[in-house]
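Residue numbers (this note's numbering), protein chains in the order written: chain A, 29 to 490; chain B, 11 to 465; chain C, 70 to 356. Worksheet for the structure shown next.
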Amino acid sequence: MTLLSAPPRVVTVGAGLLDDALRAQAVPTVPVAWRPPLPGTAEALARVLADPRRHAANELAVSRLTSARPHLVGVRRASEVLAEGTFLHAGPPITWERASGPMRGALIGAMLLEGLAGDEHEAGRALAAGGVTLRPCHEHATVGPMAGVVSPSMWLFEVRDEEHGGTAYCSLNEGLGKVLRYGAYGPEVLERLRWMDEVLGPALAAALERTGPLDLRSLIAQALQMGDELHNRNRAATSLLLRELAPAVVEAAPGAAAQVLRFINGNDHFFLNAGMAAAKVSTDAARDVPGSSLVVAMARNGTDFGVQVSGLGGRWFTGPAGVPDGLYLGAYGPGDANPDIGDSTITETSGLGGFAMAASPAIVRFVGGEVSDAVRATRSMYEITLAEHPAYQIPGLGFRGTPAGIDVALVARTGLLPVVNTGIAGRVAGTGQVGAGLVKPPAEAFTSALLALAGSVSDPFE
Amino acid sequence: MNDAAAREVVLVRRGTYHDSVTLMRVSRALSDMPGVTAAMVAMATDLNVSILRELGFTIPETDPGDLLIAVRASDTEAAVEEADRQLTTFQRADPAPEHQPPLTTRSAARTPADLVLVSTPGEHAFAEALDAVEAGLPVMIFSDGMPVWQERLLKERALLQRAGDVLVMGPDCGTAVIGGVGLGFANVLRPGPVGVVAASGTGAQQVTSLLDWAGTGVSHVLGVGGRDLSAEVGGLSAMRALRMLDDDPATELIVLISKPPSPEVARAVEEAVGRLRTPVVRAMLQEGAPDLTEATERVLRALGRPVPEWPSWPSWPGGRPAAKAIKGFYAGGTLGAEAAMIAGSRDIVDYGDDAYTRGRAHPMIDPALRVEALAHTQDTDVVLMDVVLGHGADPDPAASLAHAVARAPATVVVALIGTEGDPQDLHRQAAAFREAGAAVFTSNAQAARHARSLL
Amino acid sequence: MTVSTHARRTRVHVTGAASTAVRPVLESSRRPARVLAAFPGGIYLEVRTDLEPSVIAVITGEAIRLPNSVLLSGPLPRVTVGDDASVGDRSIELGPLNLTVRRWWDPSPPLGTVDRASLARAAARLTDPPEPGLAGNAAVDMLAGGCAKGWLLGAVTAAEQLVGLGPGLTPSGDDVLAGLLVTLRHVGAAAGVERAVWLAGWLGATVTFDARTRTTPISATLLHCAARGAASPEVIGVLRGIAGTQPLEPALRRLHRLGHTSGADLAQGIAIGVNAVLSLGDQEPGR
């Protein structure tokens, strides 16, 4: 059909009066609920949108993101991949001076674990003196939940993208309660980490050698259909992973098998870290496409919320990390909460987590809300994403693909910020988790990325 | 004794957006309330903030995305309550989650659609229009004030689309009719054999309204925007529109309406016209060329149809002093230019120009500026003005303007542009202006000649 | 939608779009009408007038846009068969509604031109519509043969037998004739076969002469429309497919979905018409 062959169905954007005039003619219209872009972005938007590379660049970048085929290929000790004297941490770069309570706590814990300090005070002094190099996980093909601290004697999931060939790592999940990633570093925390180093890591490594690579893309797709959103709910995915691993664990480590399997079974979030590595390897596949406005990382260090964009290489664009809005454990309240922390927003970056909330009705109670809120959250994310994931589907939305691939230009145009599900860490080092909920990323992280992108575009007048 | 009259209030609603037409209507409703001396409900753009400051309001720090409600009244609470009531009336009902409205054209284009109509503020129209082009959809950009490089870029990108009908109409495209559907300011026209390509919205409205009166309908009116035939844009949309109409079986004859194009564009357009199978009648608005009414008559003759008398309603005989000067208060730029040419007057103001519409509604919707201008005329003036009917225009222009005409010291001549099918009722509007003392013509050219004859 | 107080009761002003076929009736002075039938998607009004169409369909967006219809921008009012209404002076009064028209569409848009080869290709794809209501009927065969030969007497005789033949609101015989009439007129004009257009004129005059007494009022009105070349977008779509301005197969599928057998009957009429245009074109001098 061509434009002139029949009365048109019209998308209207702007003055309601003109939409009314069409409806009065019995013309079907789709009105856009338009609003002005985020303040200060109008000119940058025009430049970025006009960039002749953008459309193709975004299609390429997002197709790399959604076509990635992450496979769990192994478990390795961090010392194998980490430079000596370096600890990794979540989020954009941070110094000890600016680090928040849970970040400091986790770094202290790592010092104690590695035997680099005798007690917390000594650890703090060493860290303040720069005794250890602190680098963001993201810059080392790694992600870490909450504080995301990785030190040499921790073990990492190794995930390979069979489509594009990338590799990404994520630490092993310690469980809930008092754990290092929430900034706790008491004796029971260190004891558990030592057990993970001596028993869990080697057992999993040996088991994965037997199973061979596990297809995480299909596992995640299944878990979505079983009610996980893969950030705050990983119960189905953990069960699926456990089912894959159990026989091999028994064969590979008969002596420790019961302990290992009981540990995994006791932690609904065990899969989160494998899922994060899968998300990381997928978003990394979309990096460095010149002219692309696709977000390839969102990460928080407990102080700053940082964003990286495909067309802008490794540059971070940051804003202050917000305090999550959610439900608190026991007697904790908002006053006990640390600002947002962790690399787990890589799930949202890849189209899972908050973006897939509609797949996970069970989660809405946990983050406070109704099922309709979850559906609304996911639907709204289609407004700021470039694609619908071909494999990750939401049964409740008619098996529509999850919204995948955030576009900073669409964020600026709609004023809609990514929906992020998250755990809430206590602000005092050593407290651990105090709750879970939703957090609003700072708009300036996205707008400053857009402005930088505009600056990188050649002048449309030339 | 009247201390309450001094009360004023300024409220900031963060991140609340309404379009300027809606806000203008709310402002007008508030101003009409008893006891209200000043009221403005507007987005906190730099322009609006400066207007409010000129009105003596103290405006706090705001973003352009915030809504300002500023009222000076004896009962500010009642006024603010009324503002909220009006704003909620205009706001569409909160949708169920499964009916969340799309926030961008890109998102809306996921549902089946054939055309996008953009009427956001001009500085934001590019993003929506580009979404349309990238989705392979034709787009009408009603907004004005879009930088010319963006217009050029949109039209070039449209040519790269695989589909041959991704037409960019506008920016500043006031009117279009596609398959009978009136978009923007369009008249209710009967279907028929005449296709129109127009770089002038009101020019197209004049020609098609006269054709409709003559019983001849139009197939489509494709607006291309006032700048399309400039050297910078190169007539890209006009040439595509001509080809589309040439391929349209319903179109037997094409009328091309524009200001004189730049010489090299004129050459390109003439070449394009030469390749068409469909005959083309040109209505170029310049000295020596036929005016819009004459062009319409040529169209009728080319189709072998009779040319009727164009309806007019002479004013009641009255005893006015001899006229000395012709002034024009126009809503349509092209109609104003035509009037200036015929009446030989340089005192013709185009109230539809960017300079008058920035931050306020178009004079086809908002009569305020012209009502004021009429009040400031002399009894030796002849005022020529257009009243444009149709979709989107003031639902009853006579309601506010006829009163102003009746009170104006000047002799008034009205060019009433519209059809018998228009929602405003052409005959009722004509009667109201005539009753107010004006002479009324459906041909702007005849109105201008009449005005000149009064000198 | 605005509400104003009428002398006797509250009237709701609504607007919509209409086929230009109903324009003469709407623009003449007001006449009484009554509700002939009421369906979820449309209300048929019979207007006391000599003008055609004398039956007007007031419909919603879901209904078929018959060439005699007025499309409402809002929901239909609740009315029952036999209710009074009125049509004229540019509006329709129906139940509480006062309906005016804001847009007109042409139910008889020209097709452009079509060459013989494409017409022959299209004819081959029209051969077997799914189960028309009068499959194997002798009068249909006679109609097809008469038209193909340009044998006016045979065509007219067959047409007279077919008017009102079959059950339902629009009997199959009428649908076949309607499909044939619009095809002869439009495809005949597009192919430059004047004899086909001439035949459409004669057949049209025949079937409309006493249609009001021979078939249902709605079907009689649709025959009047078809005699002038007016049809629903589903029929026009197939004609455009035949003329090559849009894909034929999807248009045919849309047509076939209409009614119980209406779509198939219309398609049968169209097929007869296309064959007649081809065969009459062969017989014209200079070919």
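By construction, the Cβ of each residue, glycine as well, lies at the ideal position given by its N, Cα and C atoms.
Proximity test, Leu141(A) beta-carbon vs the ligand NAD heavy atom, cut-off 7 Å: This structure does not include the ligand NAD; it has no bound ligands of any sort.
Close beta carbons around Glu96(C), own chain, < 7 Å, minus the five adjacent residues each side: Arg159
Ser142(C) at chain A interface by Cβ criterion, 8 Å: yes
Coarse secondary structure for Gly465(A), derived from DSSP in three states: When secondary structure is reduced to three states using DSSP, Gly465(A) falls in the strand class.
Three-state secondary structure assigned by DSSP to Gln137(C): Correcting the residue identity first, residue 137(C) is Asn in this sequence and not Gln. Of the three classes helix, strand and coil, the one that applies to Asn137(C) here is coil, per DSSP.
Close Cβ partners of Ala49(A) (< 6 Å) along its chain, the five nearest in sequence each way excluded: Hits under 6 Å: none found.
8 Å Cβ cutoff, Ser267(A) in contact with chain B: no
Cross-chain neighbours of Thr492(A) in chain B, by beta carbon under 7 Å: Outside the shown range of chain A (29 to 490) lies residue 492(A), about which nothing can therefore be said.
Within-8 Å CB hit, Glu490(A) to chain B: Because the pLDDT at Glu490(A) is just 42, under 50, the model does not fix this residue reliably, and the point stays unresolved.
First and last residue of the uninterrupted alpha helix (DSSP H) at Gly284(B): Pro273 to Gly284
Neighbourhood of Val324(A) by C-beta, 6 Å cutoff - its chain only, sequence neighbours within 5 removed: For Val324(A), where only same-chain residues beyond five positions count, the Cβ hits under 6 Å are Thr311, Ala314, Arg315, Gln336 and Ser338.
Glu472(A) versus Ala386(A): straight-line alpha-carbon distance, rounded: 27 Å
Status (buried if at least 16 other CB within 10 Å, exposed otherwise) for Val158(B): exposed
Under 7 Å by beta carbon: chain C residues contacting Pro35(A): Trp174
Three CB pairs or more closer than 8 Å across the segment 417-427 of chain A and the segment 238-252 of chain A: Enough Cβ pairs lie closer than 8 Å, so yes.
Cutoff 8 Å: Pro59(A) Cβ touching any chain C Cβ: For Pro59(A), the closest Cβ of chain C is not nearer than 8 Å.
Closer than 8 Å to chain C by CB, Arg172(B): no
Any 3 or more C-beta pairs closer than 8 Å across the segment 233-242 of chain B and the segment 147-166 of chain B: Between the segment 233-242 of chain B and the segment 147-166 of chain B there are three or more inter-stretch CB-CB distances shorter than 8 Å, so the stretches are counted as touching.
Spatial distance of Leu141(A) from Leu273(A) (CA atoms): Rounded to the nearest angstrom, the two C-alpha atoms are 28 Å apart.
Same chain, Cβ closer than 7 Å to Asp357(B), neighbours up to 5 away in sequence not counted: Ala335, Ile336, Lys337 and Gly338
Any C-beta of chain C under 8 Å from that of Leu54(A): Strictly speaking, residue 54(A) in this sequence is Ala, with Leu absent from that position. Answer yes: the Cβ-Cβ gap between Ala54(A) and chain C drops below 8 Å somewhere.
Contacting positions in the segment 114-135 of chain C - beta carbon closer than 8 Å to chain A: Gly130
Collapsed DSSP secondary structure at Arg264(C) in the structure displayed: Correct three-state label for Arg264(C): helix.
In DSSP terms, what Val126(B) is bridged to: Val39(A) and Val149(B)
The segment 162-178 of chain C in contact with the segment 425-443 of chain B per 3-pair CB rule at 8 Å: yes
Continuous alpha helix (DSSP H) assignments of at least 4 residues falling wholly in the segment 403-458 of chain A: 436-442
Pairwise C-alpha distance: Arg23(B) and Pro74(B): 11 Å
Span separating the alpha-carbon of Thr452(B) from that of Leu169(B): 38 Å
Alpha helix (DSSP H) runs wholly inside the segment 324-373 of chain A, at least 4 long, in chain order: none
Sufficient close CB pairs (3 or more, under 8 Å) joining the segment 190-197 of chain A to the segment 160-174 of chain A: yes
Chain-ordered neighbours of Arg51(A) on chain C, where CB pairs are closer than 7 Å: Ser142
Nearest-angstrom Cβ-Cβ length linking Pro98(A) and Leu300(A), presumed shorter than 8 Å: No, Pro98(A) and Leu300(A) are not in contact; Cβ-Cβ is about 14 Å, not under 8 Å.
Val146(C): contacting residues in chain B (beta-carbon distance under 9 Å): Before going on, a small fix: residue 146(C) reads as Pro here, not Val. Within chain B, no residue comes near Pro146(C); the closest Cβ sits about 21 Å away, beyond 9 Å.
Trp326(B) burial status per 10 Å Cβ neighbour count (16 or more: buried): Trp326(B) sits exposed, since fewer than 16 C-beta atoms from the chains shown fall within 10 Å of its C-beta.
CB contact check: Gly428(B) to chain C, cutoff 8 Å: no
Val81(B) versus Val46(B) - alpha carbon distance: 7 Å
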